[in-house]
Every structure is written in C-alpha cells, then in structure tokens.
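This report refers to the structure that appears directly beneath it.
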Amino acid sequence: MANLFSLPIWTVNLAFSEDISLVSPLLIPETITANESSATLAQTLIKRLEENNIKLGEYLEMLRHAPTLSLVSSQLTVFLKAPRKNPSYPDLEVGFDYFYTSLPNQHYLGFIPVLGIEGYAETPEELVTVLQQAVELEFSRKKRLTDVRHLITTQWYEEIETEKHVIETRFHNLSELANLHDRKEREWLPEIAQSLKRLGQRRCFGRDNELEQMLRALTGKYSRSVLLVGRAGVGKTALVQEVYRVGAERGLGSVTFWETTAARMLQKLTVESGWEESLGHVLEELSQRGDILYVRNLAQLFEVGAYVGNPISMAEFMREYLALGSVRLVTECTDEEFATIETRAPGYTGLFQVLRLEPPAVVQQPDIVRRRLHVSHPKQLIPKPAIEETLRLQHRYALYSGFPGKTVHFLESLLNQENNTALTREAVVTRFCEESGMPRFLVDSRTTLNLDDLRQFFQSRLFGQDAVIDIVVNLLASVKTRLTRPGKPIASLLFVGPTGVGKTELAKALAEFMFGDSKRLIRFDMSEFSDEIAVLRLTGDVSGGQGLLTDKVRQQPFSVVLFDELEKAHFAFYDLLLQVIGEGRLTDARGQVADFCSSVIIMTSNIGAGVSRQRSPGFHERDKSLTALHQHYLHTVQQFFRPELFNRLDQVIPFNALSLNVLRPIVRRELDKIIARDGLRTREVSLQIEDAVIDYLANLSGDSHYGARQLQRCLHEQVVIPLVSTVNRYPFSTSMKITVSKGENGLDFKTMIYTQKARADQTLVDTKWTLRELSTEATKTRRLAQVINEGPTMNQLWSKWDILERDRRSMREKFWQEPFTAHEYGVLHNLLENAKTLLQRIESIEIDCSLAFIGINAPTDKLTTALLNWQKAHEAWQVQLLDTVQPETGLCMLSIYGAPEYISHLVSIFNQLVKNNAWVGAVLYFAKEGGVHIWVDSEKEEHPYAVLIAQCTMNKFKTPQGVHRKKFLEALDKKRQYWKNGFFEFAQKIHTGSNWQSVLEMQLDKNFKERLRRVLCGEVIEIDQYLEDELSLDDDLSLDDLSLDFDDVPF
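Residues 473 to 1523 (the working numbering) make up the sequence shown, in order.
Laid out in structure tokens, this is it:
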C-alpha cells in the first residue's frame, strides 16, 4: 500500500508591487508563476513530481528537488569597474540579496534568486567571493552593462522572501511499482472531466462558515462527499473554487478537483461500450489518485444512464462507492431538486455532508458584489449607487435566480462594455430596461411618471372603459412608487364583464406598456383545461415532461400571463393559481421552479355578465351605475371563487357593455387597420371614408351581447368584401381614390382614377398640402435638421460633451459626486441622443412622403401628422439646445420710456405676454420690438413710447427730456401703432381687429422661430445693443419709464 511522506518545498517570492509578484521554487529557477500564492506553486510542483518521478520509482531525483534546508538570508555587494577604453558606464556598486545553508559535508551552498545563480564553497567567506564572481560572469554573458535598462531589471523588486511548505505525497512500494510498470494504464479522468483551475485571488465572500464546514468534510481520516444545496447564483460554484484555492494550505494537500457534467460523462463513457464498466474505471482511478470529482448538478446524474432494461442511473451506480468512502464527490442542486432526489432515491442524500446555502443578508449583498467585481475588474470603478440600484431592481422584478450571483453577472456584462470607465446608475437602469422591456419611467425612481400620458396611452387602445383605465393607472402608479408587496407578481388582476368589451385588448396593451411589445403575452384558453389531466399539462405530466405554463414563464419571465375565461377551468387549476398569485412561483413536474414575480397575471371571466346584457329599447340605453355594477361583479366573483383565491387578487376590474358613442372610435380604428393592410398599402389606393359611414357601421354592429366582436363581422361584410371587388377591377399599377359614403341602401363605393400629375397635386385630407408640397416640405425640413446638426451651436455642444467625457474618465466616481456636473452630463447626453433620433425620424418621413409622391405607396393623412409632430418636437429640441449652449439668450432687459399717464397701456401688453409665455430665449423673442410704439387714445391723440432691447442692464441709461426726447424718438424706427380694438404694424403693413393680442403674440412667436433657426444654422444676427455712450444724455434719469427685467426667467 502506498505510504504518505511529508516533503519540504522551498519557494522564493519576489514582490514588485502590491498587485505584481513572481514565485519560483528555490532549486528550480526556470519554473516561475506570476501573481499566484507560493502554496499553489508548491502543490503544482508536487503534482508534477508525482507524475514524472513517483510512478517511475525515482525517489532520489524527487528528493533532490525537495531538500531539507535551513536557510540564512544575507546581502553582498559587487564592484563593477568602468572599462578603460570607451567607458559606457562609471564605476558601480550593486547589491544583491542572497540565501545560504550549510550542507552535511560542512560546506556551504548559496543562492541569488533574482539572477538564478547558485554557488558552492567551503566557508561562508569563500561563498561570498564565489557568488560575486558568478554575478560578474552573468553580467558579462548577458551584456547587462551595455544598457542601463538591463541593469535596472536586476534591482526593481521591492521585497524578497522565502517560504517553506510541507506537502504530503504518496510513495509506492515495490509491488505497486511493479503493477504500474506491468499495466498499460488508461487515464479516464482527463477524458470525462477537466481539472479545476486554481484561482489566484479569492472570489467567494461572506461564506466563511460554509467554507470551514466543507473543508472539514473533505479532509481528515473520515472524509465525506459534499452536497451543496441552494438557488442558482447563491455562490455554490464560487465556494467550490474557494475550497480548491485554499485547500493546499488547509489539509487537502495535492488533491485535484476534476470538474464535469452528467452530459459530458454520458458522452465520453459510451463511446466504446456501455457506460457501467467505464464509470467503474473512473471511480477506481479517483480512489487511487485520491482526487475529488466535482459534478455541477446532482439531479442530472439521475437523469442519465437509465434505459429500457436498466433502471439504474449513473448516480445510483456511484452509490456503493460513496457509501464506502472510497471516492469523494462534490456536487450541487437546488432545494426543489433535493426534494425530488429524496423521493426518487430515499437515503441517497445521507451519503453526503449537506450544506445549505441561503442568499446573504440584504445589507451584506452590496459589499459582497463590490468585492467580487473588484477581483475581475480591478481597474474599473464600481460606484455604490450602481450596485444598490441593480440589487433594488432585481429584488423587485427579477427574483428568478439567487443573489448575489445574478447581480455580479449583470454588472460584469456592463463593465465589459464600459471600456475601463466608471459604471453609472443610469447605465444600470438602461440595461435593465433593455433586458426586461419595462419602460424606464416605471422602474427608475428618479424619472417622473406622467399619469395623464399613461391614461392617454390606454385610452388610445381601449374605448368606453374610462373607469377601468383609472383603476389600471392607479395600480401602475403604486408599482412605480414601490407600494406593491414584493415576493409576488407585479399585479394579479381579474377582468370581468361581457364578451367583446376589451378585456383581452387591455391585456395586450398592458404587455405593450410594461414590456415594450404586445407579443409579451402568454395566453391560455382555460376551456382547454376543463379536466384534471389537462391541468397537469401546465406543469408537466407525471413522466416529467415540460410544463406549458412553467416552461414559457422560465423562457420569458417578463411577460403578461393571461388566463382567458377562468370560470371554465377545472377546480384543480385554482390550486396552482393560488401558488402563482400568492407566492409568485410554481414548481413543475421535474422540480424546476418558474418565478412569476416579474410577470403580470391577468384572468378574464364572463361570470355575472348577464346584468350588462339586459336591454331596453335601443342599444344599451339603460343607464347603470358604475358603483352598482362593480358591487354586482364583486359579489358574483366572491360567490363563484374560493375565499383564499379571491383574497389574493389585487383588483377585480369590471367592464361595462359598449354604447353607441363608444363604438364610433372603435369603428374608426378598425377602418384605419383595414387601410394599413398590405393589399391597399402596397398599391396606389387612397381610401377616404365619410363620417356618415362611421355612424352607419356603429349602428349596424351595435349589440351588447357580442360587443366589439360583432363589429368585425360587420366590417368584413360591409367594407372589406365590396372594397376587394372594387380594387380588383383595375390593374395593380392603377392609381385610384376610393370614397366610401352612406347611400340609400347601404354603402356606396366611388372610384376616381388618377394620372401621375393628378396624384401629385392631390390635396390630402385635413391639410392644405398636396402630395407634391408635402414631399417638398419634408425635404426642406430634413435639410434644415442637417444644417443645424452641422452648425456652430451643435459644435459647441459636442465640445462641451468631449470635455465632460474626459472629466468622467479621469475623475471616475468623483465626477458623479458633483450634482451640477452630473446633471449637465445627463442634459448633454439627452440632447445628442435626441438629435440623432430626430434626424433618423425625419429621414424616414421624407422617404415615406417621396414614395407616396411617386406612387409606390398609397398617400395617407398620417404622413402630414407625422411631419407636423416632428416639426413641433424639433422646435422644442432647438430651444433646449440654445438654452444649454447659449444660456445668455434667455436674459433680456426690456425698457419702456414714455409719459407716465399713458405708459401703463404698453406695459400691460408686455406684462400679459410675460404671463402667457415661458420666455425661452427672451432676447430672440423681443429682438425686433425695439423702436417707437404709438398709443392712440379715444381722442385720437398719439402718444409715442420708446422700447429698447438689450442683453445688458440699463440702470445707467438717462431718459432724454424736452427737445432731446423728441429728437430721440424721431431717430428711432416706428414699430407699431395701437388703439383700443387693434394695432397697425408699420414695417409689414399688418392691420388687425379685436383679436390683436393673439396676432401680436403670433408675430412674436414667428419672429422667435426664424431668429432661432438663423442662430442655430450659424447666420450672423446682431441684436441691438444700446450702449451707454450713445444713449446717455446730460439730463437726470426721469421717473416716466418702466423696465421689465427677464434676467431671472429660466431658459
């Protein structure tokens, strides 16, 4: 039997800095490792010696590399004299650290580790001389004195030290050596597994107790196999890696961890024959080596190996070896898999030392994540707010796997993209929204949620259910403010009401709003699960097949799960539903858990809908109180469903039957969908539908029994079929306009065939533009956007952005600690992103208008709407751009000079303008207002006023008096004449009536937009500056003036 021996291994550690070190065996200088512990190197060396020497019986050779020494450290100095001819260096004295020991023959052996030099002498004094001569020869041989850099490499370490490690290994006796030589041994372990890499730095934190328990289980006389139980991401694999990293110093010796999976074992062990014999060889080899097999998932070992005629799996085959303790197995599983194993193989888990790993405490998780990320990304800064925001989002919306592993993986993927720059909280929120599909304003606590916009979103998709929309909006607001209970679905809703009123449509709208796509809807028609066997299909059948519900939720946890017509399901389904809406999780037949905490659960039902179907003469003319209707549905639901299910619902939302007024917008929407179908969109067909048609179709399809579903049949019969017949009369390339109107006996379809010119000159509905003019306007708008993007103002914006980017990279975390700088960075980022988005959008609009103009696509009024909306959005972006780059344009001194008894008239006009406007870019707004303004009183007497505009204060300006005032007013241009019911613009000859206030404001707005465009495009604009030396006179400042100062108005 092999005997254990303890061998000493001496190592030398050269430390160059806190992060860089080199380790080498004392007597084997050619073996060097970087940034690894000396214990790891000693273990690796022993492993190689075992392979190369022990199996061959070369014990003396092995002992030469592991001598018993007693080292003494000292220093020596070498004098290097400058050469006489052409000296390339001066006289030098170079010092070196060396170690020496006495040998059994009373001689001495010395080492200079940094140069890899050894020396041998009879006395310590002679040893110093020998080593000095060896240094001179080494310098000469490697020509170190020809370049100072070669000399520096021998001196740049900061510290040198030696360490002694005593490692246990096995020596074979003669009979065992003979067996090794006689037998042609095949090594199975390298085929079915790979040796676990020994990490240089710690990667497992907060698991000190579990680490000690695992080491105690694997070491000692009665070592045991270990089973780690816990959710994915709690640190099971990290714990195994940490055990292997420190095991050499904690009693595991030179043991190797062999990592594999059940799938790989099955593949490699069945190449030549059955897996049983091959697995037996693997286990025997493990026993002889004393190594440890690490299988990632124990439950999978029970799934492989068994076949018809052989019910024994690989896990059960290993049972005897585990019971005898001849092999050590480290493996892992989840809590659900542990329960499944116990049921399938009672007592099997008793063969292991079971360690249960729970997620660390919430307060410990940020520090654990930070320390773990510092190991893999030591040069990158990970701010605490970024870690905390990630944990907050994942704790609420992504509980699918355990902590902190999920957080570490999420942040590592972000750090790999940040190019060695600091990670930000904003980047975390952005990535989470991209992965989940959830809108930023719903998950980001710093982004406000506009309830009016939210309500408008649902109202554009659901008609006639305002009370329902209010309930949904309030519910989403509570999700936004984090007032919902964690550990359960985002929301659990029961929609009750008649058929065809929008229950399924609201579910699709929620999927689109919450997760960015209406296809994020997992729908189950519960009429298909009306018996108990069918219900089993949702979680997998008894044979362990995939569950229809659990599998889809695991694939896409961020989704809306819809159980349609809930009352038709078998009562066994309600037990599953209790787990889903109560605990947010469901276990399938294979023991795998599906997490519903990131999902919205919606159930629909028609129970109690009879009261909404009761009709008096006419369509739904009976006025039912919404409160009474809600109470009716609530009572019906309570009577039908079990109390424990009803109490777990977040909301029971009743839907009312649709009225005639509600059907009209639904008809319009469905007609728009018909117009957008490929059959019309790809042909040159313009479809115009008169308003009377909408009323006719709404009346024809109005039926409270069938709701909006009756409308689909009506549209198909009344619109689609006649439209198909009309279009098919003409060739595909024919350009036409079809007008649908209400006739005496139904709908009339009138067709007008266009020539190319007629099509181009066709005026679009609700606009003054023809297709030609629309296409031209789109092109002009796109060109303007490009000019602005290439103009001086955008160049200034890019310059500011580049400066902030450099500061962000250099300052790292300190950059985000300055509130003003962080805010400015966000503003500039949004401006640049919006500029890119707007330009792409107008290019797309221009293409669509051009295709409609040349007849490839059918013209549509949506093109006009899209262009006008874009222009409005771009104007708002221009104002924000100017405010950010040139904030001084928002500062304005507007001074009005005139007689005290009449000046209030003109002041009141400008005061009213102040109240009506946000005063963005006040200088540009008032730039053309300078000049003489004349007020005409009831006696038709004219009273002139001087209006001066400047970007500087006018506190030193002295109002002219007497003849000077007259000359002063005559020198200014006449701007405008006012009277009680209108005004006259001298320059543009504009004469208004009683609505002159609106006309004046429109004129000012038009002037502002024009001058804003010129500024952003780089055109030179001179704003009148009334300098003191030109305006000030000798007279004192009079009291008949009033100044309006807009300096405090925010841009």
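Note that the Cβ used here is the ideal one computed from N, Cα and C, for glycine as well.
Item, Value
"Quick one: grab the DSSP three-state call for Ser489.", "coil"
"May I ask you to report which of helix, strand or coil DSSP gives Val484?", "strand"
"Does DSSP put Trp730 in a helix, a strand or coil?", "strand"
"Helix, strand or coil for Ile1005? Go by DSSP, reduced to three states.", "helix"
"When the Cα of Arg897 is compared with those of Pro857, Arg903 and Gly909, which residue comes out closest?", "Pro857"
"Counting along the chain, where does the alpha helix (DSSP H) carrying Leu683 start and finish?", "Asp680 to Leu690"
"On the CB-based measure, 16 or more other CB atoms within 10 Å of its CB, does Ile1225 come out buried or exposed?", "exposed"
"Look up Gly582 in the DSSP assignment and say whether it is helix, strand or coil.", "strand"
"Is the region 1049-1062 in contact with the region 978-996, if contact means three or more CB pairs nearer than 8 Å?", "no"
"Please state the DSSP three-state secondary structure of Glu1414.", "strand"
"Compute the Euclidean distance between the alpha carbons of Thr512 and Thr505, then round it to the nearest angstrom.", "10 Å"
"Helix, strand or coil: how does DSSP classify Thr821 here?", "helix"
"With a threshold of 16 other CB atoms inside 10 Å of the CB of Pro585, please say whether the residue is buried or exposed.", "buried"
"Assess contact between the region 958-978 and the region 1126-1137, defined as three or more Cβ pairs (one per stretch) separated by less than 8 Å. Is contact present?", "yes"
"For Ala1257, report the span of its beta strand (DSSP E) as first-last.", "Taken as a continuous stretch (DSSP letters only), Ala1257 belongs to no beta strand (DSSP E), being part of the alpha helix (DSSP H) at Leu1243 to Asn1261."
"With burial defined as no fewer than 16 other Cβ atoms inside 10 Å of the residue's Cβ, what is the status of Gln592: buried or exposed?", "A small fix is needed here, since residue 592 is Tyr in this sequence, not Gln. Tyr592 comes out exposed."
"Answer yes or no: do Val572 and Val550 have a C-beta to C-beta separation smaller than 8 Å?", "For clarity, residue 572 is Tyr in the given sequence; the question names Val instead. Result no, Cβ atoms of Tyr572 and Val550 do not sit closer than 8 Å."
"Helix, strand or coil, according to DSSP, for Asn1400 in the structure here?", "According to the sequence provided, residue 1400 is Lys. The question's Asn does not apply to it. Lys1400: coil per DSSP, three-state reduction."
"Checking the sheet assignment: what are the DSSP bridge partners for His1463?", "Phe1456"
"What did DSSP end up calling Asn946 once you bin it into helix, strand or coil?", "helix"
"Does the Cβ-Cβ distance between Leu1172 and Gln1190 come in under 8 Å?", "yes"
"Along the chain, where does the alpha helix (DSSP H) that runs through Ile1125 open and close?", "Premise fails: Ile1125 lies in the beta strand (DSSP E), Gln1123 to Pro1126, not in any alpha helix (DSSP H)."
"Can you look up Gly591 in the DSSP assignment and give me helix, strand or coil?", "strand"
"For Phe967, list the residues DSSP reports as bridge partners.", "Thr1076 and Ile1125"
"Compute the beta-carbon to beta-carbon distance between Val914 and Lys960, rounded to the nearest angstrom, for a pair I have assumed lies under 8 Å.", "Here residue 914 turns out to be Leu, not Val, going by the sequence shown. Their Cβ separation, rounded to whole angstroms, is 17 Å, which puts Leu914 and Lys960 out of contact at 8 Å."
"Which residue marks the beginning of the beta strand (DSSP E) containing Lys1447, and which one marks its end?", "Lys1446 to Trp1451"
"For Asp1517, does the three-state DSSP call read helix, strand or coil?", "Low per-residue confidence applies at Asp1517: pLDDT is 44, beneath 50, and the placement is therefore not dependable enough to give any value."
"Can you tell me the Cα-Cα spacing of Pro1264 and Leu1488, whole angstroms?", "7 Å"
"Between Glu1457, Tyr820, Leu498 and Ala1044, which lies nearest to Gly1402 when the distance is taken from Cα to Cα?", "Glu1457"
"Would you check if there are 3 or more beta carbon pairs closer than 8 Å linking the region 1029-1049 to the region 920-937?", "no"
"Whole angstroms are fine: how far does the CA of Gly719 sit from the CA of Arg655?", "Low local confidence applies: a pLDDT of 44 at Arg655 is under 50, so the model's placement there is unreliable, and no value is given."
"For Ile1210 and Ile1146, what's the separation of their Cα atoms in angstroms?", "13 Å"
"Less than 8 Å between the CB atoms is what I'm expecting for Arg768 and Thr733, so what's the real figure, rounded?", "5 Å"
"For Arg1155 and Phe1112, which I take to be in contact (beta-carbon distance under 8 Å), what is that distance rounded to the nearest angstrom?", "Actually they are not in contact, since the Cβ atoms of Arg1155 and Phe1112 sit about 51 Å apart, beyond 8 Å."
"Report yes if the CB atom of Val727 is closer than 8 Å to the CB atom of Ile764, and no otherwise.", "yes"
"Over what stretch of residues does the alpha helix (DSSP H) that includes Met786 continue unbroken?", "Met786 to Phe789"
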